[in-house]
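**Q** Take this structure first; my questions come after.
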Amino acid sequence: MGVFDWEILKGLVKVVVVLLVMAPLIYFVTRFYGTKLKFKGSIKVLEHSSLGTGKGLYVIEWENERLLIAVTGQNVSVLHRVSAEKQHPVKEILSESPSEEAEA
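Residue numbers (our numbering): 285 to 388.
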């Protein structure tokens with residue numbers, strides 16, 4: 285092996301040493317500090333129904349309200365909103381027509 289080959293070998297050894305030191309450090313930092321920094325929000329996803337690629341219906345609870353939300357790749361729409369105390373059956377919600385809601 286010539287001079288050039290030893291320089292490459294020294295460089296590879298340094299890279300391996302750095303990786304051996306950094307890998308456990310990264311593992312422990314993400315494992316112990318990552319769990320402590322998780323966001324504990326007030327939004328709960330109660331149910332989800334997929335309607336195709338990138339489309340779905342979600343029932344979420346937020347600030348004592350339940351919302352039925354339609355999600356597509358380009359849009360998010362609130363379809364229905366009730367207080368969490370009112371436990372409307374799905375059939376009742378779906379049977380309501382838009383004109384009934386406008387009159388209420």
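No residue lacks a Cβ here, since even glycine has one placed at the ideal position from N, Cα and C.
(1) Among Tyr342, Lys328, Leu341, Asp289, whose alpha-carbon lies nearest the alpha-carbon of asparagine 348?
(2) In the DSSP assignment, the beta strand (DSSP E) including glutamate 347 goes from what residue to what residue?
(3) Less than 8 Å separating the beta-carbons of glutamate 331 and valine 343?
(4) Would you mind working out which of Trp346, Val299, Gly336 sits nearest glycine 325, comparing C-alpha positions?
(5) Kindly indicate which three-state DSSP category glycine 325 falls into: helix, strand or coil?
(6) Tell me whether arginine 350 is buried or exposed, calling it buried when 16 or more other Cβ atoms sit within 10 Å of its Cβ.
**A** The relevant details are as follows:
(1) Against the sequence shown, residue 348 aligns to sequence position 64. For the residues Tyr342, Lys328, Leu341, Asp289, the minimum Cα distance to asparagine 348 belongs to Lys328.
(2) Along the sequence shown, one-based indexing puts residue 347 at 63. Premise fails: glutamate 347 is in no beta strand (DSSP E) and is neither H nor E.
(3) One-based indexing of the sequence shown puts residue 331 at position 47. One-based indexing of the sequence shown puts residue 343 at position 59. Yes, the Cβ-Cβ distance between glutamate 331 and valine 343 is below 8 Å.
(4) As a first step, residue 325 is located in the sequence shown; it is residue number 41 there, counting from the start. Ranking Trp346, Val299, Gly336 by Cα distance to glycine 325 puts Trp346 first.
(5) Taking the sequence shown and counting its residues from 1, the one referred to as residue 325 is at position 41. Glycine 325: coil per DSSP, three-state reduction.
(6) Position 66 of the sequence shown, counted from the first residue, corresponds to residue 350. By the neighbour-count rule (16 or more Cβ atoms within 10 Å), arginine 350 is buried.
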